[in-house]
Structure formats: structure tokens, C-alpha cells
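Presented below is the structure to which this report refers.
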Amino acid sequence: MTQEKAAPNVGRRDLLKLSAVAGAALAGASLIGNRTAAAADGELSLKGKRIGISATGTDHFFDLQAYNAQIEEVKRLGGEPIAVDAGRNDGKLVSQLQTLIAQKPDAIVQILGTLSVIDPWLKKARDAGIPVLTVDVGSTHSINNTTSDNWGIGKDLALQLVSDIGGEGNIVVFNGFYGVTPCAIRYDQLVNVVKYFPKVKILEPELRDVIPNTVQDAFTQITALLNKYPEKGSIKAIWSAWDIPQLGATQALTAAGRTEIRTYGVDGSPEVLQLVADPNSPAGADVAQQPAEIGRTAIQNVAKLLAGQTLPRETYVHALIANKANVNEVTKKLGIG
Amino acid sequence: MSVDIQLAPAIHFKAGEPSAKPGRGGTLAASALRAGSLLAFVAILLVFSLTAPYFLSVGNIGNVLGQSAISGVLAIGLTIVLIAGGSNVVTGGIDLSLAANMGLSAAVYATAAQLGYGDAAAVAAALLTGLLIGAVNAIAVVGAGIVPLLATLAVMNIVAGLELVLTQNTVIPASTPLLNALSSSGPLGIPALAYVLLVFTLIAAAFVQYTPTGLRLYAVGEFPDAARAAGLPVRRLVAGAFIASGLCGGFAGVLSVSNLSGSTTGSGEMLLPVVVTALLGSVFSRRLVPTVTGTLLSALFVGFLINGFQLLNISSVLVSGVQGVLILLVVSATTLLRRQEA
Chain A
0 MTQEKAAPNV GRRDLLKLSA VAGAALAGAS LIGNRTAAAA DGELSLKGKR IGISATGTDH
60 FFDLQAYNAQ IEEVKRLGGE PIAVDAGRND GKLVSQLQTL IAQKPDAIVQ ILGTLSVIDP
120 WLKKARDAGI PVLTVDVGST HSINNTTSDN WGIGKDLALQ LVSDIGGEGN IVVFNGFYGV
180 TPCAIRYDQL VNVVKYFPKV KILEPELRDV IPNTVQDAFT QITALLNKYP EKGSIKAIWS
240 AWDIPQLGAT QALTAAGRTE IRTYGVDGSP EVLQLVADPN SPAGADVAQQ PAEIGRTAIQ
300 NVAKLLAGQT LPRETYVHAL IANKANVNEV TKKLGIG
Chain B
0 MSVDIQLAPA IHFKAGEPSA KPGRGGTLAA SALRAGSLLA FVAILLVFSL TAPYFLSVGN
60 IGNVLGQSAI SGVLAIGLTI VLIAGGSNVV TGGIDLSLAA NMGLSAAVYA TAAQLGYGDA
120 AAVAAALLTG LLIGAVNAIA VVGAGIVPLL ATLAVMNIVA GLELVLTQNT VIPASTPLLN
180 ALSSSGPLGI PALAYVLLVF TLIAAAFVQY TPTGLRLYAV GEFPDAARAA GLPVRRLVAG
240 AFIASGLCGG FAGVLSVSNL SGSTTGSGEM LLPVVVTALL GSVFSRRLVP TVTGTLLSAL
300 FVGFLINGFQ LLNISSVLVS GVQGVLILLV VSATTLLRRQ EA
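Respectively, the protein sequence lines represent chains A and B.
Each step along the first sequence adds one to the number in numbering that gives the first Met the number 0, with nothing skipped, and position 72 is 71.
Each step along the second sequence adds one to the number in numbering that gives the first Met the number 0, with nothing skipped, and position 83 is 82.
In C-alpha cells, the structure reads:
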């Protein structure tokens with residue numbers, strides 16, 4: 000994490016104060032969490048166990064990495080993965096969960112998903128005696144949720160943004176998925192940080208990112224917005240809770256020649272990290288989660304649970320902020336550089 | 000009235016008896032295709048029950064029935080349009096707005112429930128939405144004379160747009176006593192939706208296959224000129240088919256809200272599976288014509304196929320491809336047979 004080094008435009012005292020305030024929630028949350036793969040890996044085994052892996056979709060870098068890593072980890076630990084991918088279709092997701100429950104696996108791991116849709120079925124799995132673990136979705140029916148620390152992600156990204164724009168100016172926000180918990184936490188952290196910089200203003204109305212056609216839609220929305228704010232400096236930055244809208248926004252800025260505006264997002268998709276690495280691109284920063292590590296950790300948690308260990312409610316996997324200064328280093332760490 | 004009495008048995012005879020067909024070769028081929036498709040169905044069930052664990056468990060069969068409920072209701076709606084409009088894929092009856100109709104009706108239901116309206120009002124609103132969409136289709140096809148393929152395609156886009164406006168492309172959670180009852184399990188631990196599908200099919204089949212109105216629908220679809228000459232209200236029957244289909248979309252919307260605990264995005268993705276199911280249904284009928292019971296069998300066939308794939312741990316990516324192959328086979332087989340008959 001090199002966020003402090005990369006914040007030359009904000010006073011050190013400001014930064015300290017801010018970190019203390021915005022990190023309060025994080026501190027509380029990390030008390031109940033633990034770090035990745037604490038137990039000795041050699042003791043873990045899933046021999047003879049059938050593990051259901053249900054992914055909302057695998058069209059996004061994060062999902063695919065987490066999904067594949069889970070399948071591989073189950074196999075590595077000697078178990079049999081039953082993996083299903085719903086292709087981002089809620090109806091299919093529910094059907095697949097129903098069939099998974101009928102198969103009575105030793106555990107089910109659910110990767111993402113809209114909480115209100117999946118929760119009743121996760122409850123049915125629990126009622127059928129199947130332990131349920133989740134990745135990046137905090138269901139009350141989940142024994143353990145392996146996720147990035149979204150409070151930390153939100154705080155780091157917001158501080159980087161505020162620092163890059165010198166603590167003042169208009170920012171545009173994509174806020175289409177506040178119903179998805181990680182997005183909500185990241186957004187709330189942005190608001191928490193901005194609150195302490197009275198010269199930073201979130202432009203109203205906020206934009207809504209969509210699925211599918213996220214990139215094209217973000218491109219169109221930002222192009223339209225640039226026509227509304229034609230003067231250079233009238234917008235300083237564009238924020239989104241994930242990096243696919245950031246990709247479309249960055250492309251729109253480049254196409255319109257408005258590269259003075261910086262873009263910010265989360266997830267560490269290779270194409271966005273490439274843009275961050277390009278000194279001429281408006282992509283300012285992208286917080287890279289470690290989805291493969293998250294996937295592996297979730298499966299290791301299943302093995303621990305089935306071995307009789309007690310799991311914490313949340314397991315946090317470290318996220319890395321990639322900015323113009325350190326992006327090559329982060330890409331190498333993620334193994335995609 | 001005398002027309003009804005004279006016409007109904009004649010059409011029933013044509014629709015029901017293979018021996019009434021002119022081409023003997025065509026009849027044999029049709030019988031072979033029908034027997035073949037039933038055999039294929041049984042063979043697939045057999046293969047899955049031998050290879051996939053849990054496939055034959057009551058819980059799993061109930062799951063497939065429940066999972067087929069929404070697509071089944073929609074496909075039965077489409078079947079009524081196929082019957083009344085004729086089965087020519089380009090110029091015949093088709094309702095492409097059905098999946099979007101379900102999405103909007105579900106959104107209307109979920110919104111009404113969130114606004115505090117009771118189940119009765121929310122169900123009425125959803126069904127009315129479906130009816131209205133069906134009425135717009137009917138006006139576009141019968142009133143304006145637009146080819147159903149284009150008319151319903153346009154309506155599909157309008158309806159999908161309205162759903163986006165209403166939901167802002169987000170999930171609208173909903174929980175009501177009716178929804179809870181629909182998403183729970185009934186006797187034998189089988190999902191309530193499975194029973195809903197069976198009862199709905201029985202009612203629709205009774206209406207379409209065994210009432211004079213249903214038989215007139217076949218007459219209008221297969222021989223529109225003859226039906227017109229016999230004095231049947233062709234335009235009214237075709238319009239009625241679109242309205243019935245719209246109502247099925249509204250009903251499927253209610254079922255969808257119960258299954259997904261609210262309205263969600265992506266209803267448009269149901270369209271292809273529904274069209275596949277309705278077209279595939281023809282091979283389960285005696286004369287290769289769309290029937291309600293054939294559509295139910297087809298919905299279960301597709302449902303068991305997807306379920307078996309999942310139980311065998313075969314990638315779900317392949318399922319769309321398999322559906323595409325199925326529709327290609329069925330449409331080409333029925334087209335070839337019809338040409339032979341002519």
C-alpha cells in the first residue's frame with residue numbers, strides 16, 4: 000500500500016486526521032476479521048468432499064479469477080468441485096442453487112449475487128444442513144464471507160482521488176449499484192472522505208452504471224456530460240465503485256480530448272491497470288483486489304470448517320491500490336504483468 | 000352457432016387423426032419424428048438417471064418442474080399465438096414481447112408491493128400490465144396489419160424500456176404472503192411453483208384443446224382463408240390469442256417475483272428458451288402442431304436437459320448451444336415434413 004507516498008497535494012496532518020476518521024469503521028471491522036490463510040496449508044484437506052461453487056457470472060475479471068481459483072483449490076485439496084456459472088442471470092442463479100441444494104454437497108460457496116435474490120435460497124441450503132460460505136456478499140445465512148476490506152478500499156481510493164485533485168473541484172460519481180454491499184461501502188467511504196474537503200463537490204445527479212454494456216453506456220454518459228461541462232477544470236475526477244465504468248469513462252475522456260480529468264475505480268482489471276500505467280491516459284488509480292487469493296482463501300475456509308475449526312464472520316484479503324507511481328509493481332504482484 | 004357445431008368436429012378430426020393426412024410418407028415421417036422425439040426424451044431421462052446422481056430423486060424432479068414453471072407459462076402463451084397465427088416462423092404467429100412482458104409485469108408487482116399495496120392489488124396490476132401489452136400487440140398485428148414478428152419485436156423494445164424506467168435497472172425486492180406461499184414447498188416437498196405449472200397447463204389445455212374456441216384457433220392458424228369463408232371471426236380470434244399471451248406474460252411476472260424475491264433485470268434473456276420450448280413442443284403432438292401439452296413436455300424436456308447437465312457437472316456454457324441445435328433440428332424437421340405434405 001503506497002497511498003501515503005502518492006498523496007503529495009494534501010498536507011500530512013490532513014491525511015493523518017482523515018485516515019483516523021475514515022478508518023474508524025475499518026478498525027472495528029478488522030477486529031472480527033483475520034488475515035489470509037493463517038493456518039498451515041499442509042493440514043487442510045477436502046478429500047472425499049463435494050463442494051458446490053455457485054458464481055453469479057464469470058464475465059468480469061474478478062469473478063473469473065475467483066471462480067477458477069476456487070475450482071483449482073478444491074481439486075488441489077483432494078475434493079470434487081461442483082461449479083456452476085449463472086451468466087449474470089438471476090433466474091438461472093436461483094435454479095442452479097436449487098439444483099445444488101438437491102445434490103446435498105458438503106458445502107456451498109456463493110460468489111457475489113444480489114442479496115435479496117440469493118438470500119432465501121442460501122437459507123434453504125442452511126435449513127437442509129449444508130454449510131454456506133460466501134465470497135464478497137454478506138449474507139446472514141453465510142458462516143463466513145471472504146472478501147476484500149471494502150472500507151479500506153473505499154478510503155484508499157477516495158484519499159487518492161482527493162489528493163490528486165488538490166482537495167478541490169467537482170467530481171462525477173457512478174452510483175448504479177448501491178444495492179450491492181461492496182459498492183455501497185466504497186461509496187459511503189468516498190462520502191466520508193469528501194465530507195472533510197468542503198471544496199470537493201459530488202455533482203448531482205449522480206450517474207448510474209449499468210450491466211450489461213457497461214463500457215459503452217459509461218462512454219455515452221460521460222460524453223454527454225462533457226458537453227454539459229465544456230470548460231476545462233469544471234470536472235476534476237470521475238469515480239466509480241468498480242473499474243468497468245471507469246474504462247468507458249476513460250475512453251470517453253480520451254476521445255473528447257479531456258485528459259485533464261482523472262478516473263478512479265476498483266477491481267484491478269488488466270485493461271484498466273494498463274491505462275493507469277499509460278502516462279497519457281486519464282486513468283488515475285484502480286484499487287486491485289486479489290480475486291484468485293480470495294477464491295483460494297474461501298475454499299481453505301471450507302476445509303477449516305469441515306475439519307471442525309471455528310471461522311470468523313469475515314475474512315479479509317488485502318487489496319492493492321495501483322496509481323500512476325506504483326502500477327507496475329502492483330501488476331507484478333498480481334501476477335498479470 | 001350452426002357454423003360452430005358443423006366446424007368443430009371437422010377440425011377436431013383433422014387435428015387429431017393422422018390418417019386424415021393426404022401424404023402417407025409425410026404421415027409416417029411425422030409419426031417417426033413424434034415417436035423419435037418421445038424416445039429421445041425417455042432416452043435422455045434414462046441416461047441422466049443412470050449417470051447423474053440425485054437425478055431421479057423426488058426433490059430434484061420437483062425442482063425441475065418448479066424451475067420450468069415460468070418458462071412453461073410463457074411458452075404456453077406463445078403456443079396460443081403460434082396456434083392462432085400459424086406456425087410459419089417468419090410470417091406466422093409469434094410473440095417476441097413475452098419475456099419483456101414478464102419483466103415489466105414483475106417490476107409492476109414488486110413496485111406495488113413496495114408501495115404497500117396488498118397481494119390482490121399487486122396481482123391485478125401485474126395481470127393488467129400483461130393484458131395491456133397483449134392488447135397493444137393485438138392492435139399492432141390485427142389493427143395495423145404489421146407482421147407479428149416485427150410488431151412484437153417493437154413492443155418488446157418498448158416494454159423493456161418501460162421496465163428500465165420503472166426499475167432504474169435495479170433490483171426491487173418484494174416479500175408478501177402470496178410470494179412466500181409461491182416460493183415455498185407443497186406436498187411431497189415439491190415446490191409450489193411445480194403445482195402451479197401443472198394446474199395452469201391443465202386449464203390452458205382444457206381451453207385450447209377441448210373447447211370450440213380453441214378448435215377455431217387451430218382453424219384460423221392453419222387455414223385462415225377457409226376459416227374466414229366459414230364465417231369465423233378471424234381477426235377477433237387472432238387478437239384474442241395475443242391478449243391471452245399477454246395475460247400469460249403477466250402471470251409469469253408474478254411467478255418470477257416469487258422465485259427471485261423481487262423483480263430483477265435480465266428478463267429478456269428468457270426469450271430464446273421460451274421460443275425454443277414453444278417450437279420444440281410441436282414434436283410432442285400427433286400432427287406436429289403446437290399444443291399446450293406438447294409445450295409442457297417440451298418445457299420439461301429442456302428443464303431436465305439443463306438439470307442433467309448441471310448434475311453431471313457439464314459447463315452451463317454449453318446449454319445455450321444445445322438449445323440452439325435443438326431448435327434448428329426441430330424447425331428444419333417440421334419444415335421438411337410440411338413441404339413433403341404439401
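Using N, Cα and C, we set each Cβ at its ideal position, and we do this for glycine too.
{"Query": "Between which two residues does the beta strand (DSSP E) harbouring PHE173(A) extend?", "Result": "168-173"}
{"Query": "What did DSSP end up calling THR110(B) once you bin it into helix, strand or coil?", "Result": "helix"}
{"Query": "Do the region 156-173 of chain B and the region 34-45 of chain B touch if we need at least three Cβ pairs shorter than 8 Å?", "Result": "no"}
{"Query": "Determine the burial state of THR309(A): buried for a count of at least 16 other Cβ atoms within 10 Å of its Cβ, exposed for fewer.", "Result": "exposed"}
{"Query": "GLY47(A) CB to nearest chain B CB: under 8 Å?", "Result": "no"}
{"Query": "How big is the Cα-Cα spacing for ALA321(A) and GLN159(A)?", "Result": "10 Å"}
{"Query": "Beta carbons nearer than 7 Å to chain A: which residues of the region 172-204 of chain B have them?", "Result": "PRO172 and SER182"}
{"Query": "Please name the residue, chosen from PRO147(B), ALA51(B), THR78(B) and SER281(B), that lies closest to GLY213(B) on a Cα-to-Cα basis.", "Result": "THR78(B)"}
{"Query": "Are the beta-carbon atoms of GLY344(B) and ASN136(B) separated by less than 8 Å?", "Result": "Look at the range of chain B in this structure, 0 to 341, and you will see that residue 344(B) is not part of it."}
{"Query": "Let me know the secondary structure DSSP gives LYS227(A) once reduced to three states.", "Result": "helix"}
{"Query": "Does ALA324(A) come out as helix, strand or coil in the three-state DSSP assignment?", "Result": "coil"}
{"Query": "Chain A beta carbons: is any one of them nearer than 8 Å to that of PRO289(B)?", "Result": "no"}
{"Query": "How long is the line joining the alpha carbons of LEU177(B) and ASP118(B), rounded to whole angstroms?", "Result": "6 Å"}
{"Query": "Among the residues of its own chain, which have a CB less than 7 Å from the CB of ASP105(A), if the five just before and after it don't count?", "Result": "LYS48, ARG49, ILE50 and LEU305"}
{"Query": "Can you name the start and end residues of the alpha helix (DSSP H) that GLY165(A) belongs to?", "Result": "From DSSP, GLY165(A) is part of no alpha helix (DSSP H); its letter is neither H nor E."}
{"Query": "Just checking: is the beta-carbon of VAL164(B) within a distance shorter than 8 Å of some beta-carbon in chain A?", "Result": "no"}
{"Query": "Using a Cβ-Cβ distance under 8 Å, would GLU268(B) count as near chain A?", "Result": "yes"}
{"Query": "Do GLY166(A) and VAL199(A) have their beta-carbon atoms positioned less than 8 Å apart in this structure?", "Result": "yes"}
{"Query": "So that I know if they touch, is there some Cβ in chain A lying closer than 8 Å to that of TYR53(B)?", "Result": "yes"}
{"Query": "Measure the beta-carbon distance from ALA83(B) to VAL219(B) and round it to whole angstroms, keeping in mind my assumption that it falls under 8 Å.", "Result": "5 Å"}
{"Query": "Tell me which same chain residues have a C-beta within less than 8 Å of the C-beta of LYS242(A), skipping the five on either side of it?", "Result": "Looking at the sequence shown, residue 242(A) is not Lys but Asp. Around ASP242(A): GLY264, VAL265, ASP266, GLY267, SER268, VAL271 and ASP285."}
{"Query": "In three-state terms, what does DSSP make of GLY185(B)?", "Result": "coil"}
{"Query": "Where does GLN250(A) land, buried or exposed, given buried means 16+ other C-beta within 10 angstroms?", "Result": "buried"}
{"Query": "Run the CB neighbour count on LYS312(A), radius 10 Å, all protein chains shown included, and call it buried at 16 or more, exposed below.", "Result": "The sequence given here has Arg at residue 312(A), not Lys. It is exposed - the Cβ of ARG312(A) has fewer than 16 other Cβ atoms within 10 Å."}
{"Query": "What's the call for ILE234(A), buried or exposed, on a 16-neighbour Cβ count within 10 Å?", "Result": "buried"}
{"Query": "Residues of chain A with a CB under 7 Å from the CB of THR263(B): which are they?", "Result": "ASP89, THR113 and VAL116"}
{"Query": "With DSSP as the reference, please indicate the residues paired to ASN144(A) in a beta bridge.", "Result": "THR133(A) and GLU313(A)"}
{"Query": "With 8 Å set as the bound, which would you pick, yes or no: does the beta-carbon of PRO21(B) sit closer than that to a beta-carbon of chain A?", "Result": "Unreliable positioning characterises PRO21(B) in this predicted model, as indicated by a pLDDT of 43, which lies under 50. A coordinate reading is not provided."}
{"Query": "Which residues, in order along the region 176-189 of chain A, keep a beta-carbon less than 7 Å from a beta-carbon of chain B?", "Result": "GLY178"}
{"Query": "Going by the beta-carbon positions, is the gap between SER297(B) and VAL288(B) smaller than 8 Å?", "Result": "no"}
{"Query": "Any C-beta of chain B sitting closer than 8 Å to the C-beta of THR98(A)?", "Result": "yes"}
{"Query": "Of all the residues that make up the region 310-322 of chain B, which are near chain A by a beta-carbon distance shorter than 8 Å?", "Result": "LEU310, ASN312, SER314, SER315 and VAL316"}
{"Query": "Along the chain, where does the alpha helix (DSSP H) containing SER280(A) start, and where does it finish?", "Result": "Run containing SER280(A): none; DSSP gives neither H nor E here."}
{"Query": "Between which two residues does the beta strand (DSSP E) containing ALA51(B) stretch?", "Result": "First-last for ALA51(B): undefined, no H or E at that position."}
{"Query": "How would you call THR50(B), buried or exposed, if buried means at least 16 neighbouring beta carbons within 10 angstroms?", "Result": "exposed"}
{"Query": "Among residues of its own chain, excluding the 5 on either side of ILE335(A), which ones have a beta-carbon nearer than 7 Å to its beta-carbon?", "Result": "PRO269"}
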